[in-house]
Amino acid sequence: MYLKNLSLLNYKNIAEANYEFDPKINCFTGKNGVGKTNVLDAIYHLAYGKSYFNPLAVQNIKHGEDFFVIDGTFDKDNRNEQIVCSLKKGMKKVLKRNGKIYDKFSEHVGFIPLVIISPSDSDLITEGSETRRKFIDSVISQLDPAYLQELINYQKVVAQRNALLKYFALNHTFDKDTLSIYNEQLDELGHSLFEKRKRFLEDFIPIFNKHHQSITDSAEDVSLRYDSHLHNKRLLDLFDESLQRDRVLQYTSVGIHKDDLLFEIEGHPIKKFGSQGQQKSFLIALKLAQFEFIKKQSGVLPILLFDDIFDKLDETRVAKIVQMIDDKVFGQIFISDTHPERTENIVKETHQSYTLFNL
Ligand SMILES: Nc1ncnc2c1ncn2[C@@H]1O[C@H](COP(=O)(O)OP(=O)(O)OP(=O)(O)O)[C@@H](O)[C@H]1O
Ligand SMILES: [Mg+2]
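Every letter in the sequence shown is one number past the one before it in this note's numbering, and letter 41, counting from 1, is 41.
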């Protein structure tokens with residue numbers, strides 16, 4: 001699968017642009033702020049129906065304009081698939097496949113498998129556990145739509161249970177039976193979600209380790225672990241134990257909505273003890289594992305967007321990635337970098353077709 005062409009209108013700083021792409025390597029180069037990342041984000045938009053960088057959809061419309069259009073044609077199984085994503089101020093965003101409007105964006109998720117590697121992935125290390133849960137959830141739900149629905153149901157019941165705890169506190173009352181209805185629903189949903197996350201990570205972590213060892217020549221001892229209250233106990237027992245605390249907090253303090261991924265280097269949090277290059281290598285391994293996982297599960301080579309590819313990586317680590325391109329690990333790849341000559345010299349070494357776009 002690959003993206004054949006892309007037309008943009010009023011997307012962020014890009015008034016109008018049309019690109020014909022190489023099925024293999026495409027490089028966007030140019031100075032800071034010219035719009036390299038914006039082009040990659042437009043491609044991301046076609047796969048996920050939203051921006052990777054700016055969750056506020058209207059802020060992706062070029063300043064002073066009142067709509068944007070992203071129009072791209074993919075080759076998937078030798079068929080043309082035209083995806084158009086557009087937004088007009090004050091209206092709902094529209095996503096179309098071959099002229100037909102999607103009722104639900106979730107029906108499109110997974111149709112264009114795509115992985116992005118970007119400097120803003122560092123949020124996965126620096127931000128709270130929600131960012132990391134979202135990462136796992138988005139990978140699992142690309143392949144298992146039932147997972148997403150269960151997760152939404154779980155979150156609804158947590159919100160209801162929290163509202164009940166607040167009601168108890170406010171009215172100085174308590175009703176064990178009503179609470180236990182929610183507890184049982186959460187126990188069932190939470191257990192199923194936990195099992196799916198656990199099974200996913202059992203497959204995912206070895207793939208992550210393999211990529212990390214490969215990029216770093218096994219120079220760093222890192223680990224990725226799944227942290228969950230449910231590892232040793234059923235949620236029903238946890239609710240019993242935390243009842244007093246939950247009543248005081250008026251909030252459900254245990255469950256899979258507290259799950260986390262622990263990123264460690266030499267047994268310590270990478271957030272505090274990893275150098276910038278070590279953190280970046282960790283994140284790239286995480287994304288390459290996502291790439292391989294999606295490829296394995298879907299049988300399709302995902303498109304890879306590699307934003308600021310050479311930033312903060314030493315030559316050996318860059319060479320490893322270039323070797324992967326050369327070994328045809330990837331399908332179509334989009335690269336952005338500030339130095340046109342550096343980029344060209346590096347992609348030349350891969351002996352694969354490439355197109356350079358100097359913005
Ligand atoms: N809605 C918008 N309207 C107009 N310009 C916008 C909008 N959103 C973002 N921009 C502008 O787009 C430019 C940034 O583009 P982008 O992030 O793609 O740059 P870049 O080429 O990747 O730069 P760098 O090398 O620094 O990563 C910025 O100047 C930013 O202000
Ligand atoms: Mg950029």
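All C-beta atoms in this analysis are idealised placements derived from N, C-alpha and C, irrespective of residue type, glycine included.
The structure presented is a predicted model; accordingly, all values stated were derived computationally and were not measured.
- At least one heavy atom of ligand 2 is found less than 6 Å from the C-beta of T37.
- According to the DSSP secondary-structure assignment, L6 is paired through a beta bridge with Y19, G72.
- The beta carbon of G33 sits closer than 6 Å to at least one heavy atom of ligand 1.
- DSSP links S336 through a beta bridge to F28.
- The Cβ atoms of I303 and Q332 lie closer than 7 Å to each other.
- Counting the other Cβ atoms within 10 Å of the Cβ of F273 gives fewer than 16, which makes it exposed.
- Collapsing the DSSP output to three states places F67 in a strand.
- In the DSSP annotation of this structure, the continuous segment of the alpha helix (DSSP H) that includes K166 starts and ends at 145-171.
- By alpha-carbon distance to E341, the top candidate from F105, S298, F357, F263 is F357.
- Taking 6 Å as the cut-off, one finds at least one heavy atom of ligand 1 near enough to the beta carbon of K12.
- Under the three-state reduction of DSSP output, S298 falls in the helix class.
- Less than 7 Å divides the Cβ of Y11 from the Cβ of I70.
- Taking each of D246, A159, K176, E264 in turn and checking the Cα distance to L224, the smallest one comes out for E264.
- Between ligand 1 and the CB of T178, the shortest heavy atom gap is not smaller than 6 Å.
- Taking a 10 Å sphere around the C-beta of P119, we find fewer than 16 other C-beta atoms and assign the residue as exposed.
- In the DSSP assignment, F306 is bridged to I117, I335.
- Residues of the same chain with a CB within less than 8 Å of the CB of P269, apart from the 5 flanking positions on each side, are L262, F263 in chain order.
- With distances taken between CA atoms, Q276 lies nearest to D121 out of L46, D121, T355, I112.
- Taking 7 Å as the cut-off, the beta carbon of K166 is found no closer than this to the beta carbon of Q297.
- Separation of the CB atoms of I83 and I112 is rounded to 7 Å, and the pair is thereby assigned contact status at 8 Å.
- Taking one beta carbon from each stretch, the region 200-207 and the region 233-242 have fewer than 3 pairs nearer than 8 Å; the two do not touch.
- With a cutoff of 7 Å on beta-carbon distance, D337 and T29 are scored as near each other.
- With distances taken between CA atoms, S214 lies nearest to V322 out of V34, V322, I346, K93.
- Here the region 9-23 lies against the region 343-357, with 3 or more beta-carbon pairs under 8 Å apart.
- Taking 7 Å as the cut-off, the Cβ atoms of I256 and L193 count as close.
- Not one heavy atom of ligand 1 falls within 6 Å of the beta-carbon of H229.
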